[in-house]
Amino acid sequence: MIDLTKIRAIDIHTHAEEPCGCHSDDGYDGLQSTMASYFGAPWSHPPTVPQTAAHYREQNIAAVIFPVDAERETGYRRYKNEEVAELAAENSDVLIPFASIDPWKGKMGVREARRLIRDFGIKGFKFHPTMQGFWPNDRMAYPLYEAIEEEGGIALFHTGQTGVGSGMPGGNGMRLKYSNPMVIDDVAVDFPELKIILAHPSFPWQEEALSVAQHKPNVYIDLSGWSPKYFPPILVKYCNSILKKKVLFGSDWPMITPERWLSDFEKIDIKDHLREDITKNNAARLLGLM
Numbered sequence: 001m002i003d004l005t006k007i008r009a010i011d012i013h014t015h016a017e018e019p020c021g022c023h024s025d026d027g028y029d030g031l032q033s034t035m036a037s038y039f040g041a042p043w044s045h046p047p048t049v050p051q052t053a054a055h056y057r058e059q060n061i062a063a064v065i066f067p068v069d070a071e072r073e074t075g076y077r078r079y080k081n082e083e084v085a086e087l088a089a090e091n092s093d094v095l096i097p098f099a100s101i102d103p104w105k106g107k108m109g110v111r112e113a114r115r116l117i118r119d120f121g122i123k124g125f126k127f128h129p130t131m132q133g134f135w136p137n138d139r140m141a142y143p144l145y146e147a148i149e150e151e152g153g154i155a156l157f158h159t160g161q162t163g164v165g166s167g168m169p170g171g172n173g174m175r176l177k178y179s180n181p182m183v184i185d186d187v188a189v190d191f192p193e194l195k196i197i198l199a200h201p202s203f204p205w206q207e208e209a210l211s212v213a214q215h216k217p218n219v220y221i222d223l224s225g226w227s228p229k230y231f232p233p234i235l236v237k238y239c240n241s242i243l244k245k246k247v248l249f250g251s252d253w254p255m256i257t258p259e260r261w262l263s264d265f266e267k268i269d270i271k272d273h274l275r276e277d278i279t280k281n282n283a284a285r286l287l288g289l290m
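The opening residue of the sequence shown carries number 1 in the UniProt record's numbering; numbering runs sequentially from there.
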């Protein structure tokens with residue numbers, strides 16, 4: 001279990017990656033190396049889950065970790081949720097397991113979600129509308145949201161432009177339109193007890209994300225995927241005021257390291273008394289750790 005007294009932050013947004021060379025035929029390694037170049041990451045293939053745990057332990061930071069199930073839309077094999085959960089359990093002093101299920105999987109996905117929460121201690125689910133190719137308010141996804149809501153889980157949605165496929169021909173087939181955060185307003189209305197996180201500064205829809213999070217009590221924003229030095233002024237303003245209890249530190253590891261994010265966060269104009277809430281306490285409350 002996470003000991004809040006021993007960690008300095010909770011990173012709400014990190015990615016689980018398989019060891020290198022598991023699937024040489026699906027193009028995923030090429031995608032990852034392109035993304036590493038885009039973000040300036042210091043590796044040719046992302047670190048494994050045990051390597052991630054070791055890094056976070058060294059930094060005294062806890063992390064929510066998840067795979068992304070986009071195999072239907074992209075052809076990239078998914079990293080099995082059970083394997084990620086088992087590795088997280090082996091490193092439960094620093095890792096908090098989320099899962100990912102493509103909502104197009106229908107009733108199979110609903111059964112899997114309930115089983116993962118009940119049998120593997122999964123705390124939430126990552127959705128990536130751009131990679132998974134769906135509108136978040138498509139009714140075909142609603143049975144999955146209902147299951148997550150009933151089981152007390154969290155739904156974390158990628159929003160805004162993505163580094164996935166950036167600079168590749170046709171953006172590697174990724175359609176940005178699916179990740180407009182305003183679409184998730186419908187989900188927040190229809191599932192008022194479902195805890196929702198809008199991931200990333202939602203370029204070019206930042207104000208839409210702020211509006212949804214301010215208006216809907218069950219919606220939060222994570223600050224992953226960007227160095228804080230690039231945050232738009234309106235996002236910093238809301239972090240310091242209306243949304244001070246609803247914004248969450250996230251790095252988007254392994255593309256951005258948590259120590260780099262936290263170092264840059266120290267240099268932006270955030271009120272001192274709010275910093276620990278943003279880096280740790282808001283996430284701890286949302287995850288039921290305090």
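Beta carbons are placed, not taken as given, at the ideal position from N, Cα and C, and that holds for glycine.
Just so you know, these numbers come straight off a predicted model, no measurement behind them.
Per the coordinates, the alpha-carbon of residue 106 lies some 12 angstroms from the alpha-carbon of residue 72. Take the alpha-carbon of residue 205 and the one of residue 159: they are about 9 angstroms apart.
Collapsing the DSSP output to three states places residue 237 in a helix.
Three or more Cβ pairs drawn from the segment 223 to 233 and the segment 247 to 259 lie within less than 8 angstroms of each other, which places the two stretches in contact. In the DSSP assignment, residue 222 falls within the beta strand (DSSP E) that extends over 219 to 222. According to DSSP, residue 124 shares a beta bridge with 98, 154. If you draw a straight line from the Cα of residue 76 to the Cα of residue 271, it comes to about 42 angstroms.
Of the candidates 243, 145, 46, 241, the residue whose Cα lies closest to the Cα of residue 112 is 145.
Per DSSP, residue 268 is not a residue of any beta strand (DSSP E), being assigned neither H nor E.
Judged by DSSP in its simplified three-state form, residue 70 adopts coil rather than helix or strand. Around the C-beta of residue 230, fewer than 16 other C-beta atoms lie within 10 Å, and the residue is accordingly described as exposed. The three-state secondary structure of residue 226, taken from DSSP, is coil.
In the same chain as residue 267, and ignoring 5 residues on each side of it, the C-beta atoms closer than 8 angstroms to its own belong to 228, 229, in chain order. Taking C-beta atoms as the reference points, residue 128 and residue 49 fail to come closer than 8 angstroms. The beta carbons of residue 9 and residue 192 sit no closer together than 8 angstroms.
According to the DSSP assignment, residue 213 belongs to the alpha helix (DSSP H) that extends over 206 to 215.
Secondary structure at residue 10: strand, using DSSP grouped into helix, strand and coil. With a cutoff of 8 angstroms on beta-carbon distance, residue 196 and residue 178 are scored as not near each other. Boundaries of the alpha helix (DSSP H) harbouring residue 88: 81 to 90, taken from the DSSP string.
Residue pairing by DSSP places residue 253 opposite 14 in a beta bridge. By the neighbour-count definition (other C-beta atoms within 10 Å, threshold 16), residue 17 is a buried residue.
The residue among 120, 74, 139, 101 with its C-alpha nearest the C-alpha of residue 92 is 120. Residue 248 sits in a strand when the DSSP states are folded into three classes. Residue 42 and residue 256 have their alpha carbons spaced roughly 10 angstroms apart. Going by C-alpha positions, residue 143 is about 7 angstroms away from residue 110.
If you draw a straight line from the Cα of residue 185 to the Cα of residue 90, it comes to about 36 angstroms. Nearest neighbour of residue 200 by Cα position, chosen from 6, 12, 74, turns out to be 12. Between the alpha carbons of residue 140 and residue 14 lies a distance of about 27 angstroms. Within its own chain, the residues whose Cβ lies closer than 6 angstroms to the Cβ of residue 244, once the five positions on either side in sequence are excluded, are 274, listed in chain order.
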